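Numbering follows our numbering, with no gaps: position 98 of the sequence shown is 864.
Heads up, the beta-carbon is just placed ideally off N, CA and C, and yes, glycines get one too.
Computed from a predicted model, the values in this text were never measured in an experiment.
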Amino acid sequence: MRTSDPNSVSVIHRRWSFTRLNPSSYKISYLISLLGIAVVIVLSYTNIFKTDLSMLALHLPLGLAAMTGSVFLDFYALRGRSLNKITKVFHVSAFASLLWALTIILGIVFHTLLSKTTSPTSYVVEGMLLAVGMRIGIFASVFGAGIPRSILSAFIQP
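Structure representation (structure tokens):
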């Protein structure tokens with residue numbers, strides 16, 4: 767009986783527990799995406815742009831609808847790839863929106879704690895670019911899309 771090499775990809779789940787972090791279904795991923803984008807919109811409007819609640823009430827449903835539509839645009843933009851499944855696109859959307867929201871949350875916390883003089887709007891842009899970079903990497907490596915196609919697809923959602 768042949769034993770697998772300890773450095774084999776097939777045994778990575780036993781060595782790295784972080785690789786087991788995945789949403790259980792596409793519905794959970796969709797809810798995580800909605801939650802992440804809702805956090806981005808609410809924090810942007812209340813803490814960074816300091817607008818009134820009527821603007822937030824208008825833009826929150828619009829942002830959630832745009833996020834939902836952009837997931838399907840991602841799926842369409844990556845068509846023809848053998849690994850392109852709507853569930854994987856929902857997972858990518860969930861992780862990207864959580865990364866974006868986490869960047870904004872940490873930016874606001876550190877901006878408050880350290881009393882930085884820089885504009886807090888930079889955290890929104892930095893989070894968006896981190897999410898786009900992660901999406902480019904996932905689209906190119908996991909989905910097998912070319913770099914130009916990955917770059918064009920990655921900028922659809924944020």
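Cβ pair count under 8 Å reaching 3, the stretch 860-872 against the stretch 792-810: Touching, per the Cβ criterion.
What residues in its chain sit with their C-beta under 6 Å from that of Leu809, if we drop five residues either side in the sequence? Excluding residues up to 5 positions away in sequence, Ile870 lie with their Cβ nearer than 6 Å to the Cβ of Leu809 in the same chain.
Inter-stretch contact at 8 Å, needing at least 3 Cβ pairs: the stretch 846-856 / the stretch 893-912: Contact between the stretch 846-856 and the stretch 893-912 is present: three or more C-beta pairs spanning the two stretches fall below 8 Å.
Hey, how far is the Cα of Ser799 from the Cα of Val898? Roughly 14 Å between the two C-alpha positions.
Pair within 7 Å by beta-carbon distance, Ile794 and Val858: No; because the gap between Cβ atoms is not below 7 Å, this pair is not in contact.
Cα separation between Val837 and Ser916? The straight-line gap from Cα to Cα measures roughly 14 Å.
Is the CB-CB distance between Ile902 and Asn813 below 7 Å? With contacts defined as CB atoms closer than 7 Å, Ile902 and Asn813 fail to qualify as a contacting pair.
Go to Thr869, then tell me how far its alpha helix (DSSP H) extends in each direction, as first and last residue. Ile852 to Leu880 is the span of the alpha helix (DSSP H), which, as asked, contains Thr869.
Whole angstroms is fine: what's the gap from Leu879's alpha carbon to Pro886's? When only Cα atoms are considered, Leu879 and Pro886 end up about 13 Å apart.
Cα-Cα, which of Ala831, Phe856, Met821 and Gly835 is closest to Ser791? Nearest option by C-alpha distance: Phe856.
Where does Lys816 fall in DSSP's three states? In the displayed model, Lys816 falls within coil according to three-state DSSP, outside both helix and strand.
Chain-order list of residues whose beta-carbon lies under 8 Å from that of Lys882 (same chain, five-residue window excluded): Phe876.
Short check: CB of Ser919 to CB of Ala843, under 7 Å? Between Ser919 and Ala843, the CB-CB gap stays under 7 Å.
Quick one: residues in its chain with C-beta nearer than 7 Å to the C-beta of Val709, no 5 flanking neighbours on either side, listed in chain order? Residue numbering for the chain in the displayed model covers 767 to 924; residue 709 lies beyond these limits and cannot be assessed.
Three-state class that DSSP yields for Thr785 in the structure shown: Note that Thr785 scores 49 on pLDDT, short of 50, meaning its location in the model is unreliable and no value can be drawn from it.
Since I believe Met894 is in contact with Pro924 (beta carbons under 8 Å), could you give me their beta-carbon distance rounded to a whole number of angstroms? Correct: roughly 4 Å between the Cβ atoms.
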